[in-house]
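*Asks:* Could you have a look at this structure, given as structure tokens, before my questions?
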Amino acid sequence: MQPYNFKCSQCGAVNFTEENQKLRCNYCDSLFFIEVEKEKPTVIIKKGANVVFGGNVVVKGSIDIQEGAIVKFTGKLTLLKKASLQKIKEAKLRLMKEEIN
Ligand SMILES: [Zn+2]
């Protein structure tokens, strides 16, 4: 069995023991940091932009709409990948602030 899709760059073994987000090679004892891929937004809409999405828009990834940008979706938008909870929280706070102003 190969639990990790990863090969030790030092000895080529594929058996590891996980230790606090790190992998230790069972053969040569090398320690590897498990890189967590950070979500990068696929589409960034910058401040001051005025964007209208018409028709069927599919964004494979996330959209980062910066403060002050005007974005309208007139068509159907299919969400393929949900933004992080933190991003959603920030967006909601941003929306609330905009409603007050
Ligand atoms: Zn190794």
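Numbered by this note's numbering, the letters in the sequence shown go through residues 2 to 102 in order.
Note that beta-carbon positions come from the ideal geometry of N, C-alpha and C, so glycine has one too.
Given the structure is predicted, the values throughout are model-derived calculations rather than measurements.
1. Please determine, among Ala-14, Phe-33, Val-15, the residue with the shortest C-alpha to C-alpha distance to Gln-111.
2. Let me make sure I understand the geometry here. Which of Phe-54, Asp-30, Cys-12 has the alpha-carbon closest to that of Thr-1?
3. What are the uninterrupted segments assigned as beta strand (DSSP E) that are 3 or more residues long and contained completely in the segment 11-67, given in chain order?
4. Hey, how far is the Cα of Val-60 from the Cα of Arg-95?
5. Identify whether Lys-88 lies in helix, strand or coil by the three-state DSSP scheme.
6. By Cβ distance below 8 Å, which residues in the same chain neighbour Val-58 in space, the five residues on each side in sequence not counted?
7. Given 7 Å as the limit, tell me if Gln-67 has its C-beta closer than that to any heavy atom belonging to ligand 1.
*Replies:* Here's the rundown:
1. As shown, the chain starts at 2 and ends at 102. That puts residue 111 outside it, with no answer to give.
2. Nothing in the structure corresponds to residue 1, since the chain is present only between 2 and 102.
3. 17-20, 23-26, 32-34, 44-46, 51-54, 57-60, 64-66
4. As a first step, residue 60 is located in the sequence shown; it is residue number 59 there, counting from the start. As a first step, residue 95 is located in the sequence shown; it is residue number 94 there, counting from the start. Whole-angstrom Cα-Cα distance: 22 Å.
5. Translated into positions along the sequence shown, residue 88 becomes position 87. Three-state DSSP puts Lys-88 in a helix.
6. Residue mapping note: residue 58 aligns to position 57 of the sequence shown, counting from 1. Counting only Cβ-Cβ distances below 8 Å, and skipping sequence neighbours, we find Phe-74, Gly-76, Lys-77, Leu-78, Thr-79.
7. As a first step, residue 67 is located in the sequence shown; it is residue number 66 there, counting from the start. No, the Cβ of Gln-67 stays beyond 7 Å of every heavy atom of ligand 1.
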